[in-house]
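Working notes, structure below.
Number of protein chains: 4
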Amino acid sequence: MKYQAIIDEIHAEVQYLFGRGNVADYIPALAGVDARKLGIAVHTLDGECVEAGDSRERFSIQSISKVFNLALAMRIVGDEVFGRVGVEPSGNPFNSLVQLEQEKGIPRNPFINAGALVIADILLDHLDRPNEEMLAFVGKLRCDDVRYDESVVESEKACGFVNKALGNFMKAHGNITHDVEAVLDAYYHQCAIEMSCVGLATSFLFLANGGVVPGTGMRVLTASQAKRVNAIMLTCGFYDEAGSFAYHVGLPGKSGVGGGIVAVIPGLLAIAVWSPELNRYGNSVLGIKVLELFTTRTGKSVF
Amino acid sequence: MKYQAIIDEIHAEVQYLFGRGNVADYIPALAGVDARKLGIAVHTLDGECVEAGDSRERFSIQSISKVFNLALAMRIVGDEVFGRVGVEPSGNPFNSLVQLEQEKGIPRNPFINAGALVIADILLDHLDRPNEEMLAFVGKLRCDDVRYDESVVESEKACGFVNKALGNFMKAHGNITHDVEAVLDAYYHQCAIEMSCVGLATSFLFLANGGVVPGTGMRVLTASQAKRVNAIMLTCGFYDEAGSFAYHVGLPGKSGVGGGIVAVIPGLLAIAVWSPELNRYGNSVLGIKVLELFTTRTGKSVF
Amino acid sequence: MKYQAIIDEIHAEVQYLFGRGNVADYIPALAGVDARKLGIAVHTLDGECVEAGDSRERFSIQSISKVFNLALAMRIVGDEVFGRVGVEPSGNPFNSLVQLEQEKGIPRNPFINAGALVIADILLDHLDRPNEEMLAFVGKLRCDDVRYDESVVESEKACGFVNKALGNFMKAHGNITHDVEAVLDAYYHQCAIEMSCVGLATSFLFLANGGVVPGTGMRVLTASQAKRVNAIMLTCGFYDEAGSFAYHVGLPGKSGVGGGIVAVIPGLLAIAVWSPELNRYGNSVLGIKVLELFTTRTGKSVF
Amino acid sequence: MKYQAIIDEIHAEVQYLFGRGNVADYIPALAGVDARKLGIAVHTLDGECVEAGDSRERFSIQSISKVFNLALAMRIVGDEVFGRVGVEPSGNPFNSLVQLEQEKGIPRNPFINAGALVIADILLDHLDRPNEEMLAFVGKLRCDDVRYDESVVESEKACGFVNKALGNFMKAHGNITHDVEAVLDAYYHQCAIEMSCVGLATSFLFLANGGVVPGTGMRVLTASQAKRVNAIMLTCGFYDEAGSFAYHVGLPGKSGVGGGIVAVIPGLLAIAVWSPELNRYGNSVLGIKVLELFTTRTGKSVF
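Protein chains in written order, with our numbering: chain A, 1 to 303; chain B, 1 to 303; chain C, 1 to 303; chain D, 1 to 303.
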């Protein structure tokens with residue numbers, strides 16, 4: 001149980017960082033979360049699963065869900081996805097309209113909001129009941145502890161004017177084909193997925209395993225596609241802090257404003273952390289530190 | 001009848017420019033207009049009214065209506081208007097989101113789309129039946145030949161995704177207080193006003209007359225406010241071609257993508273031109289030439 | 001002496017504004033100026049010349065000189081000037097590189113720094129001893145009280161890295177043909193011209209007089225060119241505050257970071273004000289107020 | 001000799017791509033290069049060195065040298081480097097001024113031109129004879145086949161107006177402390193380094209080896225620093241195509257407009273390719289394909 005000791009040690013060590021960030025407060029459902037939560041879970045390809053702290057408490061995974069939807073879209077239409085969304089870091093805030101205007105409605109990558117809306121639009125072409133099927137997809141990744149928080153969906157809808165602006169702007173450029181409201185409904189459901197650290201670490205294992213879900217053997221993506229999702233996570237997974245995360249942590253990963261971060265070490269493991277206080281880039285303060293210490297202590301990074 | 005001769009001469013002289021521009025085609029209702037129309041009307045403060053060509057045919061005045069709504073809003077709330085919208089030229093296309101993002105939802109001026117949406121939002125605070133009252137306001141300017149083209153309203157709504165994006169983006173910044181759909185409804189009605197050159201020249205006379213409607217003596221704006229509307233027309237009235245219009249024509253004025261342009265010579269007259277072919281900035285090719293020749297031949301400009 | 005009474009009244013009235021702005025401090029030569037200076041001079045076409053306060057003290061006219069150089073360039077090469085520089089307001093700070101990059105090295109107008117460098121480059125094509133000839137040109141406008149402050153030239157050179165950046169960037173785009181250092185030398189000399197309010201009001205009279213210097217009858221520009229210079233001053237003469245100046249004052253004019261402002265009422269007069277404290281846009285706080293009161297009290301504006 | 005077979009196969013296979021790109025022509029010294037060159041070299045940590053084609057011909061490594069200088073600066077001042085330059089992808093062209101203006105003279109990362117100028121400025125603080133010492137540093141990486149092409153230095157200087165603009169702009173913001181000309185001299189020498197594929201693969205091995213030069217055992221960087229350089233290469237090493245390179249190739253690497261690309265597989269090997277025809281992002285067309293095939297055939301990528 002070598003990871004257990006490391007995880008426990010790190011869990012204790014990063015407590016001093018509480019108070020250094022701010023809980024997301026743009027919707028009431030997130031603002032009400034206890035700031036002092038910290039959960040960690042590691043799930044290895046050879047079946048080890050270690051955890052610490054609030055690792056079984058569900059939280060709003062928010063943007064982490066963009067990885068699930070990208071995988072689902074790639075599974076259905078393959079590389080066609082990248083005709084409508086790029087794979088380049090944006091160099092701009094996650095909800096910026098500037099670059100979208102300059103680049104005529106083609107989002108830089110699938111992990112900024114505009115890109116996730118395009119992915120949702122693609123899914124609407126192929127899914128009869130998108131919200132049910134998105135959730136079912138996560139279930140197939142061996143995470144059954146997953147559900148929508150409808151209060152988050154409603155909150156997001158009530159104040160999601162920038163996303164509505166993004167959607168309408170891309171529709172003006174022909175890069176949203178469905179009704180903007182329908183796309184937003186799918187997008188907000190996706191954002192409102194609740195999972196625990198344990199669930200997240202488990203469900204991301206296929207990306208550490210060449211696209212195959214360990215245990216069930218279900219192939220979600222080809223090995224090449226899995227690598228590519230990892231590449232996009234590494235270059236674009238942390239808003240405007242992706243370079244810094246690569247620099248300090250050196251793993252492909254994805255964060256959400258709910259305070260969750262999940263990362264993978266290809267061929268080895270997936271690790272999920274949750275702590276709600278965010279830095280100014282929207283990434284979990286303790287979460288990033290946990291991952292930095294984890295790669296330092298284990299000597300594992302992709303570099 | 002000195003202006004009659006000048007107008008007739010110019011009407012004949014600019015015909016060679018037909019074919020140099022393109023009729024606005026972003027909505028079917030505009031695309032169907034006969035490109036070869038040219039109407040001119042001059043209405044002086046001392047009551048002379050001369051006209052040439054298609055001067056009594058109604059056309060979609062589009063953005064010219066932004067002047068009416070600005071005047072109406074200033075009449076109701078005075079300079080308060082400029083707490084929510086600036087008076088600076090934008091240096092960007094009329095429907096750009098970039099500057100709006102950089103300047104946190106405060107549009108540069110009331111004549112870009114975002115600014116006109118804010119003006120509409122202000123009017124919704126004070127008008128019980130905004131669409132009826134906006135039309136009635138134009139009527140009080142002694143133009144009774146005015147109506148909405150509901151097919152234009154419907155067309156604009158059906159494809160107005162960029163405006164919807166602008167409205168939602170400003171709502172995210174708190175600079176739209178009403179429901180975005182309600183604001184857009186007022187805005188699209190305003191854009192869909194149909195008037196003739198004669199009607200336009202008449203209804204703009206108050207801006208050449210210190211804010212007072214000639215004939216009825218109704219004070220629409222204070223003298224100072226009328227000057228300020230003229231100042232904003234001169235610096236911001238022609239999309240990203242305002243400087244060029246000031247340079248070549250030298251009059252405060254406003255254009256619309258329906259091919260109309262109206263301008264005033266303070267203390268003297270108002271002139272309206274209509275010709276549907278637009279240059280790349282969205283301004284009427286023949287319209288600008290007519291005005292340039294008019295100021296050159298008469299020696300009248302504000303400079 | 002009607003203007004004398006108005007000027008005296010305004011001179012007294014605006015004193016309360018001292019302390020509301022900041023003296024330009026980017027070069028030592030400007031930072032050392034007494035903040036409490038206020039000079040006003042009005043020179044009418046019929047020969048009246050009234051003044052108040054520090055109206056005969058020379059100050060660094062800085063960007064006001066851009067009008068002289070534009071006039072000189074138009075006098076030599078005519079409208080050709082506008083093949084290399086636009087006439088549109090920039091909507092950006094006066095020394096911005098952003099727009100210049102987007103527009104491939106063509107400055108928006110001749111009154112932003114980049115535009116003035118292009119004008120200087122044009123002058124270098126035609127003047128054998130540019131610095132002497134620029135000064136001689138101002139002399140021909142009946143201002144003999146003019147000279148360079150070489151300490152300002154040296155200061156500007158020593159810290160003019162942004163201007164050097166602008167010059168090199170335009171040279172990369174082929175819009176500067178001479179050596180960048182030579183262009184900057186001419187530009188910094190131009191900026192370092194010292195004049196008094198009386199001198200400025202006198203030397204701008206040709207722009208109120210259809211291009212002809214009153215008294216000598218020398219034609220500097222055609223009537224059309226003079227109008228166009230006025231148009232550019234109105235739309236672009238006050239950095240990113242041009243619209244506001246048009247709105248509040250309503251006259252073509254030009255300001256400089258030395259605290260000077262000069263404006264013209266076509267057909268009537270030129271007025272110059274100097275007070276070193278600047279607002280955040282780089283325009284004289286008291287200067288703008290003096291002009292606003294002057295147009296309000298006299299009822300004169302172009303609108 | 002498994003890599004030999006793969007390299008030979010790929011060398012033959014990519015020939016069909018000749019003619020799909022353009023040789024850099026902004027300076028004569030590069031424009032004159034034979035477009036049909038293709039060299040490949042792989043150097044493994046266990047000493048294997050395989051090569052194909054023009055692998056021993058020296059070419060201008062251009063921006064690849066930015067990795068050497070970053071390593072040298074980190075070796076001297078450590079993480080202090082990142083107080084003056086970021087580690088985020090820029091999302092903009094390599095020589096853009098826009099972002100630099102928005103971010104007040106702090107370049108996004110050390111691999112865009114502005115960032116490399118800051119690195120050169122740092123080196124000038126610590127190196128007595130910078131040009132000699134930069135070359136000596138590469139020599140210590142066990143590449144003795146290295147020299148400056150002075151004709152490239154002269155060409156770059158003669159037309160390097162954008163770099164001069166960048167340098168002056170950062171000096172205006174205080175992020176260049178030395179004379180801009182001195183910084184540019186060091187920068188242009190660095191860009192003008194000539195090496196072969198064999199030399200490049202060898203000299204990059206320390207980045208695959210935790211910061212230690214294989215063979216000599218010289219520690220260039222700490223293991224953590226070596227990982228970080230790799231991270232920056234992965235997120236920022238290919239101009240505005242870094243995400244795509246991560247997506248298609250999945251290795252940390254760096255390209256230059258001379259047509260060279262070098263990449264490392266941590267713990268395993270370094271690979272260098274040279275072919276002068278560039279795609280629209282400034283990266284070698286054949287070079288990228290060679291690397292994509294190499295990672296596909298060997299199954300090696302960091303993801």
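All residues carry an ideal CB built from backbone N, CA and C; glycine is no exception.
9 Å Cβ cutoff met for residue i and residue j
{"i": "residue 44 of chain A", "j": "residue 268 of chain A", "result": "yes"}
{"i": "residue 272 of chain C", "j": "residue 265 of chain C", "result": "no"}
{"i": "residue 41 of chain D", "j": "residue 50 of chain D", "result": "yes"}
{"i": "residue 91 of chain A", "j": "residue 99 of chain D", "result": "yes"}
{"i": "residue 106 of chain A", "j": "residue 189 of chain A", "result": "no"}
{"i": "residue 137 of chain C", "j": "residue 70 of chain C", "result": "no"}
{"i": "residue 141 of chain A", "j": "residue 205 of chain A", "result": "yes"}
{"i": "residue 249 of chain D", "j": "residue 288 of chain D", "result": "yes"}
{"i": "residue 146 of chain B", "j": "residue 194 of chain B", "result": "yes"}
Rounded Cβ spacing between residue i and residue j (contact assumed at less than 8 Å)
{"i": "residue 120 of chain D", "j": "residue 192 of chain D", "result": "The Cβ separation is near 13 Å, so there is no contact."}
{"i": "residue 13 of chain B", "j": "residue 293 of chain B", "result": "7 Å"}
{"i": "residue 123 of chain A", "j": "residue 73 of chain A", "result": "6 Å"}
{"i": "residue 128 of chain B", "j": "residue 29 of chain B", "result": "That pair is no contact at about 28 Å."}
{"i": "residue 88 of chain D", "j": "residue 113 of chain D", "result": "The Cβ separation is near 16 Å, so there is no contact."}
Neighbouring residues, chain C, relative to residue i (Cβ below 7 Å)
{"i": "residue 247 of chain B", "result": "87, 228, 231 and 232"}
{"i": "residue 287 of chain B", "result": "By Cβ distance, chain C contributes nothing, its closest Cβ being about 18 Å from residue 287 of chain B, past 7 Å."}
Run of the alpha helix (DSSP H) containing residue i, from where it starts to where it stops
{"i": "residue 44 of chain C", "result": "No alpha helix (DSSP H) contains residue 44 of chain C, which is instead part of the beta strand (DSSP E) from 39-44."}
{"i": "residue 207 of chain C", "result": "205-208"}
{"i": "residue 242 of chain C", "result": "242-248"}
{"i": "residue 152 of chain C", "result": "150-159"}
{"i": "residue 233 of chain C", "result": "223-236"}
{"i": "residue 289 of chain D", "result": "285-298"}
{"i": "residue 65 of chain D", "result": "65-77"}
{"i": "residue 8 of chain D", "result": "2-13"}
8 Å Cβ cut-off: residues of chain D touching residue i
{"i": "residue 171 of chain C", "result": "161"}
Within chain B, partners of residue i - CB distance below 7 Å
{"i": "residue 128 of chain C", "result": "Here the premise fails: no neighbours, minimum Cβ distance about 30 Å."}
{"i": "residue 83 of chain C", "result": "Ordered by position in chain B, no residue passes the 7 Å Cβ test against residue 83 of chain C, which lies about 14 Å from the chain."}
{"i": "residue 301 of chain C", "result": "227"}
Residues that residue i contacts on chain A, provided the C-beta gap is smaller than 7 Å
{"i": "residue 206 of chain D", "result": "Ordered by position in chain A, no residue passes the 7 Å Cβ test against residue 206 of chain D, which lies about 13 Å from the chain."}
Residues that residue i contacts on chain D, provided the C-beta gap is smaller than 7 Å
{"i": "residue 164 of chain C", "result": "168"}
{"i": "residue 236 of chain A", "result": "243"}
Contact set between residue i and chain B, taken where Cβ atoms lie within less than 8 Å
{"i": "residue 203 of chain A", "result": "The premise fails here: residue 203 of chain A is roughly 32 Å from chain B at the closest Cβ pair, so nothing lies under 8 Å."}
Residue i, enclosing beta strand (DSSP E) - first and last residue
{"i": "residue 47 of chain B", "result": "Here residue 47 of chain B belongs to no beta strand (DSSP E), and DSSP marks it neither H nor E."}
{"i": "residue 269 of chain D", "result": "269-274"}
{"i": "residue 193 of chain C", "result": "193-195"}
{"i": "residue 83 of chain C", "result": "Segment: none, residue 83 of chain C is in no beta strand (DSSP E) and carries neither H nor E."}
{"i": "residue 118 of chain D", "result": "It is not in any beta strand (DSSP E) - residue 118 of chain D instead sits in the alpha helix (DSSP H) that spans 113-126."}
{"i": "residue 260 of chain C", "result": "260-265"}
{"i": "residue 253 of chain C", "result": "253-255"}
Contacts that residue i makes with chain A (C-beta to C-beta distance below 8 Å)
{"i": "residue 96 of chain B", "result": "101"}
{"i": "residue 252 of chain D", "result": "303"}
Chain-ordered chain C contacts of residue i [CB-CB under 9 Å]
{"i": "residue 108 of chain B", "result": "91 and 243"}
Neighbour list for residue i in chain A, Cβ cutoff strictly below 9 Å
{"i": "residue 8 of chain D", "result": "Within 9 Å Cβ-Cβ: nothing; residue 8 of chain D doesn't reach chain A, min ~23 Å."}
Next item on the list: Assess, as a yes-or-no matter, whether the region 202-216 of chain C is touched by the region 79-86 of chain C under the definition of 3 or more beta carbon pairs within less than 8 Å.
Entry: Contact fails: fewer than three Cβ-Cβ distances are below 8 Å.
Note to self: Contact between the region 230-243 of chain C and the region 163-178 of chain C is defined here as three or more beta-carbon pairs at a separation below 8 Å; is this criterion met?
What the structure shows: Result no; under three Cβ-Cβ pairs closer than 8 Å.
Note to self: Could you check whether the region 253-260 of chain D touches the region 54-73 of chain D, counting it as contact only if at least three pairs of C-beta atoms, one from each stretch, sit closer than 8 Å?
What the structure shows: Output reads yes: the region 54-73 of chain D touches the region 253-260 of chain D.
Margin query: For the pair the region 152-172 of chain D and the region 150-168 of chain C, tell me if three or more CB-CB distances fall below 8 Å.
Written below: A contact exists between the region 152-172 of chain D and the region 150-168 of chain C.
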